[in-house]
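Peer 1: Take this structure, written in structure tokens, and hold onto it; I'll ask about it next.
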Amino acid sequence: MVEKKRGFFASALATGMLLTIWGKMRSGKTNFVCHIMEIAAEEKEMNVYTNIPFFRFEQKEEAIEKGFLLPGIEYRELPPEIRTTRRVSELLRGLFVTSKNLTVLDEGALFAAASMGTSTKVRWLKALIFTIGKLDSAVVIIAQDKGSVVPSIRSTLVSYEIKIIKSSDSSRRAEISIMPQELTDEEQEPIHIDTWFNLKPTTLTFDSRAVTKFEFDIDIEEFFNRISEFNSLDAIAEAPRILDEMLSEKNGGSKKKEKAIKETILDILAEDNDLNDKEIQIKAHELGVKSTRSHIGQIRRERKVQAE
29 MVEKKRGFFA SALATGMLLT IWGKMRSGKT NFVCHIMEIA AEEKEMNVYT
79 NIPFFRFEQK EEAIEKGFLL PGIEYRELPP EIRTTRRVSE LLRGLFVTSK
129 NLTVLDEGAL FAAASMGTST KVRWLKALIF TIGKLDSAVV IIAQDKGSVV
179 PSIRSTLVSY EIKIIKSSDS SRRAEISIMP QELTDEEQEP IHIDTWFNLK
229 PTTLTFDSRA VTKFEFDIDI EEFFNRISEF NSLDAIAEAP RILDEMLSEK
279 NGGSKKKEKA IKETILDILA EDNDLNDKEI QIKAHELGVK STRSHIGQIR
329 RERKVQAE
């Protein structure tokens, strides 16, 4: 059914478009998205970037044997146009180089990490999606429900929604809707335009049980602030340098922080070497230094090795 909807995908996968795929867990959202990626890569000759994990082709027999992949499917190798990316710096590095792009992100992975607050992630995701649309790319977001962050973006972008419904163990359908184009102050509901039945299993070896990851490894707002100094042609040339520069700054800052924490713990132990781990943590916290537990353990181990 999906492969017959070429007219729909000509519109839905155009540059700057947002396509939201949502439904309950295990309803078949990722399976459906794999069909979209196949169409984009092979029929439309698009470069696809995604954080969806896949088995290596040589692992397919073992994956089938262990129940990770369905039996009786003629699985094939992942097309070279489909690239797995798990960091925003990797994604941007690719998008600035290639054209005719499609970016596919599992929204759940965007909020799984606890390294930053949710409000920051929402703000960064909005900035990322709007910028992706300017890099000759359409965007597909896999969401758990309509109450996620995506609806706060869809009202601004021209977008489609596809709800995947599991009717039975072997039957799934897709409800296709489009967001109204009129700009209003009130939140608008999507308009239902079609229903697709008999959704088939994909032939791509996607790993439905793996932990999906997407890391904001750079400050996106700072990257966009730096790249905005250049016109579109210069930005293509400067993007790799800026990304390398920001990653280097981040790594350097992390090493300085690690060193400062370790020095604080050593200073505390120099004053009283008989303190237990909890007492060291309390004293470090009083000095404004947090997350010391692993560092204390490392210092204990180093001292034990030296003593031996």
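Counting in the working numbering, the sequence shown runs from 29 upward without gaps. All C-beta atoms in this analysis are idealised placements derived from N, C-alpha and C, irrespective of residue type, glycine included.
1. Name the residue from Thr159, Phe82, Leu47 whose alpha carbon lies nearest to the alpha carbon of Leu232.
2. According to the neighbour-count rule (16 or more other Cβ atoms, all chains shown, within 10 Å of its Cβ), is Ala141 buried or exposed?
3. Could you please give the first and the last residue of the uninterrupted beta strand (DSSP E) stretch that includes Val167?
4. Indicate the three-state DSSP secondary structure (helix, strand or coil) for Val125 in the structure shown.
5. For the 8 Å Cβ check, are there 3 or more pairs between the stretch 34-49 and the stretch 96-109?
6. Taking 8 Å as the threshold (C-beta atoms), are Phe244 and Val116 in contact?
7. Measuring alpha carbon to alpha carbon, tell me which of Leu123, Ala40, Met65, Leu97 ends up nearest Glu266.
8. Rounded to the nearest angstrom, what separates Ile157 and Val167 at their Cα positions?
9. For Ala202, report the span of its alpha helix (DSSP H) as first-last.
10. Kindly indicate which three-state DSSP category Ser195 falls into: helix, strand or coil?
11. Leaving out five residues on either side along the sequence, give the residues of the same chain with a beta carbon under 7 Å from the beta carbon of Ala68.
12. Comparing C-alpha positions only, which one of Arg84, Glu135, Trp50, Lys162 sits nearest to Asn259?
13. Measure from the alpha carbon of Pro229 to the alpha carbon of each residue in Lys52, Lys33, Gly56, Arg34, then state which is nearest.
14. Name the one or two DSSP bridge partners that Ile219 has.
15. If you draw a straight line from the C-alpha of Glu102 to the C-alpha of Glu66, how long is it?
16. Tell me where the alpha helix (DSSP H) around Arg321 begins and ends.
17. Note the first and the last residue of the continuous beta strand (DSSP E) segment covering Thr58.
Peer 2: With the given structure in hand:
1. Phe82
2. Confidence is the limiting factor: at Ala141 the pLDDT is only 49, short of 50, which leaves the residue's position unreliable and the question unanswerable from this model.
3. 165-171
4. coil
5. no
6. Taking 8 Å as the Cβ cut-off, Val116 and Phe244 qualify as a contacting pair.
7. Leu123
8. 7 Å
9. First-last for Ala202: 199-206, but that is the beta strand (DSSP E), not the alpha helix (DSSP H).
10. DSSP places Ser195 in the strand class (E or B) of the three-state scheme.
11. Leu41, Met74, Val76, Leu130
12. Lys162
13. Minimum Cα distance to Pro229 is reached at Gly56.
14. Ile206
15. Between the alpha carbons of Glu102 and Glu66 lies a distance of about 14 Å.
16. First-last of the alpha helix (DSSP H) with Arg321: 321-335.
17. Element bounds for Thr58: not the beta strand (DSSP E) but the alpha helix (DSSP H), 57-66.
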